[in-house]
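Each remark here refers to the structure printed beneath this line.
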Amino acid sequence: MIAEIGHYALVLALALALLQSALPVWGARARDAALMGLASPLALGQFVLVAVSFAALTHAYVTSDFSLLNVIENSHSAKPLIYKISGVWGNHEGSLLLWVLILTLFGALVAAFGRNLPDRLKADVLGVQGMIGVAFLLFVLLTSNPFTRVDPSPLEGQDLNPLLQDPGLAIHPPLLYVGYVGFSMAFSFAVAALIEGKVDAAWARWVRPWTLMAWLFLTLGIAMGSYWAYYELGWGGFWFWDPVENASLMPWLSGTALLHSAVVMEKRDALKVWTILLALLTFALSLLGTFLVRSGVLTSVHAFAVDPARGVAILIILAVFVGGSLALYAIRAPALKQGGIFAPVSREGALVLNNLFLTAATAAVFVGTLYPLALEAATGEKISVGPPFFNNTFGPLMLPIMLVMPFAPLLAWKRGDATRAARGMVGAVGVAVLATVLVAGFVQGGPTLAALGVGLALFAIVGAFSEVMERTKLFRAPLGESLRRARGLPSSSWGGALAHAGMGVTLLGVVAATAWSSEVVLAMRPGEQIDFAGRQIAFQGVEQRPGPNYRTTAAELVVREGGVEVARLEPARRLYTARKMDLTESSIATFGVSQLYAAMGEERGDGKTALRISYKPLVTLIWLGAIVMAFGGLLSLADRRLRVGAPRKAARASPALQPAE
Amino acid sequence: MTIDAAPSAFPSPRRRGSSRKRRRFALFALVGLVLSAATALVLYALDDTIVFFRTPSEIAKMDVTPGQRFRLGGLVKHGSIVHEGSTVRFVVTDNASDMSVTYSGLLPDLFREGQGVVTEGFVQPEGGFKADNVLAKHDENYMPKDVADRLKAQGLWNEGQTPGQTPAAAQGAAK
Numbered sequence: 001m002i003a004e005i006g007h008y009a010l011v012l013a014l015a016l017a018l019l020q021s022a023l024p025v026w027g028a029r030a031r032d033a034a035l036m037g038l039a040s041p042l043a044l045g046q047f048v049l050v051a052v053s054f055a056a057l058t059h060a061y062v063t064s065d066f067s068l069l070n071v072i073e074n075s076h077s078a079k080p081l082i083y084k085i086s087g088v089w090g091n092h093e094g095s096l097l098l099w100v101l102i103l104t105l106f107g108a109l110v111a112a113f114g115r116n117l118p119d120r121l122k123a124d125v126l127g128v129q130g131m132i133g134v135a136f137l138l139f140v141l142l143t144s145n146p147f148t149r150v151d152p153s154p155l156e157g158q159d160l161n162p163l164l165q166d167p168g169l170a171i172h173p174p175l176l177y178v179g180y181v182g183f184s185m186a187f188s189f190a191v192a193a194l195i196e197g198k199v200d201a202a203w204a205r206w207v208r209p210w211t212l213m214a215w216l217f218l219t220l221g222i223a224m225g226s227y228w229a230y231y232e233l234g235w236g237g238f239w240f241w242d243p244v245e246n247a248s249l250m251p252w253l254s255g256t257a258l259l260h261s262a263v264v265m266e267k268r269d270a271l272k273v274w275t276i277l278l279a280l281l282t283f284a285l286s287l288l289g290t291f292l293v294r295s296g297v298l299t300s301v302h303a304f305a306v307d308p309a310r311g312v313a314i315l316i317i318l319a320v321f322v323g324g325s326l327a328l329y330a331i332r333a334p335a336l337k338q339g340g341i342f343a344p345v346s347r348e349g350a351l352v353l354n355n356l357f358l359t360a361a362t363a364a365v366f367v368g369t370l371y372p373l374a375l376e377a378a379t380g381e382k383i384s385v386g387p388p389f390f391n392n393t394f395g396p397l398m399l400p401i402m403l404v405m406p407f408a409p410l411l412a413w414k415r416g417d418a419t420r421a422a423r424g425m426v427g428a429v430g431v432a433v434l435a436t437v438l439v440a441g442f443v444q445g446g447p448t449l450a451a452l453g454v455g456l457a458l459f460a461i462v463g464a465f466s467e468v469m470e471r472t473k474l475f476r477a478p479l480g481e482s483l484r485r486a487r488g489l490p491s492s493s494w495g496g497a498l499a500h501a502g503m504g505v506t507l508l509g510v511v512a513a514t515a516w517s518s519e520v521v522l523a524m525r526p527g528e529q530i531d532f533a534g535r536q537i538a539f540q541g542v543e544q545r546p547g548p549n550y551r552t553t554a555a556e557l558v559v560r561e562g563g564v565e566v567a568r569l570e571p572a573r574r575l576y577t578a579r580k581m582d583l584t585e586s587s588i589a590t591f592g593v594s595q596l597y598a599a600m601g602e603e604r605g606d607g608k609t610a611l612r613i614s615y616k617p618l619v620t621l622i623w624l625g626a627i628v629m630a631f632g633g634l635l636s637l638a639d640r641r642l643r644v645g646a647p648r649k650a651a652r653a654s655p656a657l658q659p660a661e
Numbered sequence: 662m663t664i665d666a667a668p669s670a671f672p673s674p675r676r677r678g679s680s681r682k683r684r685r686f687a688l689f690a691l692v693g694l695v696l697s698a699a700t701a702l703v704l705y706a707l708d709d710t711i712v713f714f715r716t717p718s719e720i721a722k723m724d725v726t727p728g729q730r731f732r733l734g735g736l737v738k739h740g741s742i743v744h745e746g747s748t749v750r751f752v753v754t755d756n757a758s759d760m761s762v763t764y765s766g767l768l769p770d771l772f773r774e775g776q777g778v779v780t781e782g783f784v785q786p787e788g789g790f791k792a793d794n795v796l797a798k799h800d801e802n803y804m805p806k807d808v809a810d811r812l813k814a815q816g817l818w819n820e821g822q823t824p825g826q827t828p829a830a831a832q833g834a835a836k
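Note that the protein sequences, when read in sequence, are chains A and B. Sequential numbering from 1 applies to the first sequence in this note's numbering. Sequential numbering from 662 applies to the second sequence in this note's numbering.
See the structure below:
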């Protein structure tokens, strides 16, 4: 019964979405306030209905209702509760329902908190959101209904794919989806602006908080996915350039570009046409990601179900929204008024450079991801484009971004002074050179390039704070005045500095973990001991343990430093009984920001156990950096200039003088 | 704020009329430069780094230069797995030709005799394939798509043929 309520709520939500996509937009054209006013209640109602539907599916999972096909295929009564709940989105149908839930949540947020939006803009934005809702609700109901019943129903389910039975599943997809779907807001605002034929600085200020929110969740989602793959897949890599990872990286790159160009638009009324295009493309890439992951054209952990009909349906959605919005763009964009001009050396100039390289990097990832698909479709030849391609293209394209990143905030709007900005960077350059020399001179092993990488990372970290140092007159004024100025700085200044520093922190982790990781693969007998990465690791033996829906075989390793036990590692293999699937559970010990990583191979007949032990220096910085970036985003979001409740007319004065602009 | 700091770097006020055009040209030149650099990088990298997918029969038929990287896919031949220290030897077969593979490292969870496998590496001068990556992280009943396509094309394998397979498990096939 509850499942039927869920299904029915979904159908009702579709009906509301259809109304929402037509009436408010029509009302905005006909200047009918009553029709426009329908947008908010419709959006709120749609969210409530989808939430009811989602709750119904969750209820079916928690109570192990094996009369639902979806629950049979992905659950088991012995599964721990947390995986019964997170298992709701650990499959194709449920994850799409989560997608729609977040989409309608964003619509509801605009309806609830967008009181300051001009009526017509709000009606158009919610109308476009309604259209996206219609497409995805139709998709769920027609091709991926999670509420399909089975009669007679079996007594037990087939369990969730063991790879997904991990706390990561509870966190990673929701974060990622808030990011993906959050960019639909930028898309809806862009389409609404094109329909209106009017884009101004105020528009940019309304779009920015939504984009920032999507961006910070996407950052966390990607980092979480990377950490999950790192510990779960058992070979200790943090990024595989897997097409599905690329699918989330592309919207992140173009979303980052969008954030920056929206700043230019907000402050200087320039780059309008480009910003609109980026907003459209970023959501297009989010949709492309959904298509790549959900259509089954790729083989991957994420390709839950291979069903060509679904692939075609998502391709149609993709074509309609990307094609439609780009056509609208082609018609309307030339009519948008050009904004202010600026010198090549200026804040705008630096941000243009940022946008150029971020877009080029997005394009490189795009080519590498889709080339194998295109080639196979065209010639039937099967190839794979692996990490070397991405390292050779993405790396060089990100280098100028890392170099210019600290300079940009020091340049003035309209025309900047390169010499003066360079003077502000002396400290950062000094730290970078010193670090490079020290690393090259004292750290053994690793490529020479790694020392430069460390230098670049430190340059980015220290340089990120140069604007804050400049504006607080640190070391040039009495400490008290610097502190007073620091408190007076808008939180978006701190946010920007932290986000940029986070990039440097991540780069430092990537460089160190790539260049100086060490690894041994060996077969050990109980009682044997090895010296590894300055520690002694003793293999004590293998132990069998029961689990809720699996059996564990764990190897016990004791890590000692100079005879003192500092950590225990228990890499294990789990046999999931329902699916008869074997899974490696790695074990990790963290020392500061470095990690010792152990994975267990098969037990062999001769009493030895195969083990892989690696030491990964500074590896946790990769994900800590992402957390720092997201925190920077959060600080910017908290800036009262961006607060949705405080709209003002665009002021022309310098932001430094008017923090409350 | 710093207008007078470096006057020579900017056009003088008298020439400002043409500065919009000039700046626009500079912008386009920059865009063109970055885009062509990116294109060159991508083309060069594509030429250099893509890896082709081959079955043992295809390798038997063609001239393979030792050292050239490719992906070898097929089934792990029954009774062919031999451990020597931390190195493992096995034979990849498509039931028409065989190719012996050596690999140092931990085998993935679902590496089994009779199961599909994709390995990446190169042919050694003395013959045999040296793999530095073995991919078999898939569902019990799952066949890597590339392998399945090839075997199906040769009529050696059909969907649903693997023993113990339930339709639902095949639907939920995941890496």
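All C-beta atoms in this analysis are idealised placements derived from N, C-alpha and C, irrespective of residue type, glycine included.
How many whole angstroms separate the CB atoms of residue i and residue j, which I take to be in contact at a CB cut-off of 8 Å?
i	j	result
residue 679(A)	residue 268(A)	Outside the shown range of chain A, which is 1 to 661, sits residue 679(A), and nothing can be said about it.
residue 222(A)	residue 249(A)	7 Å
residue 502(A)	residue 632(A)	6 Å
residue 136(A)	residue 176(A)	That belief does not hold up - the Cβ atoms of residue 136(A) and residue 176(A) are roughly 16 Å apart, past 8 Å.
residue 582(A)	residue 770(B)	5 Å
residue 768(B)	residue 602(A)	7 Å
residue 730(B)	residue 714(B)	Wrong, their Cβ atoms sit about 11 Å apart, outside the cutoff.
residue 662(A)	residue 355(A)	Because chain A spans 1 through 661 in this model, residue 662(A) falls outside it and cannot be assessed.
Can you list, in chain order, the residues of its chain whose CB lies under 6 Å from that of residue i, leaving out five sequence neighbours each side?
i	result
residue 2(A)	56, 59
residue 178(A)	102, 217
residue 453(A)	511
residue 725(B)	784
For residue i, would you say it is in contact with chain A, using Cβ-to-Cβ distances shorter than 8 Å as the test?
i	result
residue 711(B)	yes
residue 695(B)	yes
residue 706(B)	yes
residue 801(B)	Annotation note: pLDDT 39 at residue 801(B) (below 50); position unreliable, coordinate value reported separately. Judged by the 8 Å Cβ criterion, residue 801(B) is in contact with chain A.
residue 747(B)	yes
residue 750(B)	no
residue 733(B)	no
Step through the CB atoms of chain B and report whether any lies within less than 8 Å of the CB of residue i.
i	result
residue 254(A)	no
residue 15(A)	no
residue 371(A)	yes
residue 677(A)	Since the displayed chain A opens at 1 and closes at 661, residue 677(A) lies outside it and no answer follows.
residue 123(A)	no
residue 362(A)	no
residue 75(A)	no
residue 526(A)	no
residue 612(A)	yes
residue 145(A)	no
residue 392(A)	yes
Between which residues of its own chain and residue i is the CB-CB distance below 8 Å, once the five residues before and five after are set aside?
i	result
residue 126(A)	20, 24, 39, 40, 42, 43, 107, 110, 111, 188
residue 763(B)	748, 749, 750, 789, 790, 791, 792
With a CB to CB cut of under 7 Å and the five nearest residues on each side skipped, what residues in its chain are close to residue i?
i	result
residue 695(A)	Past the boundaries of the shown model lies residue 695(A); chain A is included only from 1 to 661, so the question cannot be answered.
residue 701(A)	There is no way to answer for residue 701(A), as the model of chain A reaches only from 1 to 661.
residue 181(A)	99, 102, 103, 106
In chain C, which residues lie with their C-beta within 9 Å of the C-beta of residue i?
i	result
residue 599(A)	You won't find chain C in this structure, because its protein chains are A and B.
- Just list the beta strand (DSSP E) runs in the region 553 to 616 of chain A, keeping only unbroken ones of 3 residues or longer that don't cross its boundaries, in chain order. 564 to 569, 572 to 576, 581 to 585, 587 to 591, 594 to 603, 609 to 616
- Message: Assess contact between the region 748 to 757 of chain B and the region 687 to 703 of chain B, defined as three or more Cβ pairs (one per stretch) separated by less than 8 Å. Is contact present?
- Response: no
- State whether the region 234 to 253 of chain A contacts the region 378 to 398 of chain A, with contact taken as three or more CB pairs (one from each stretch) at a distance under 8 Å. yes
- Query: Any contact of the region 324 to 342 of chain A with the region 159 to 166 of chain A, i.e. 3+ C-beta pairs under 8 Å?
  - Reply: no
- Note down, one range per segment and in chain order, each alpha helix (DSSP H) of at least 4 residues found wholly within the region 460 to 535 of chain A. 466 to 472, 479 to 488, 491 to 515
- Should the region 489 to 501 of chain A be called in touch with the region 426 to 438 of chain A, which here means at least 3 C-beta pairs below 8 Å? no
- Message: Taking 8 Å as the cut-off, does the region 710 to 727 of chain B touch the region 757 to 765 of chain B (at least 3 CB pairs, one atom from each stretch)?
- Response: yes
- Query: Is the region 513 to 530 of chain A touching the region 544 to 552 of chain A, taking contact as three or more C-beta pairs under 8 Å?
  - Reply: no
- Message: Would you call the region 397 to 404 of chain A in contact with the region 360 to 378 of chain A, where contact means no fewer than 3 C-beta pairs closer than 8 Å?
- Response: yes
- Task: Could you say if the region 464 to 478 of chain A and the region 404 to 419 of chain A meet the contact criterion of at least three C-beta pairs nearer than 8 Å?
- Result: yes
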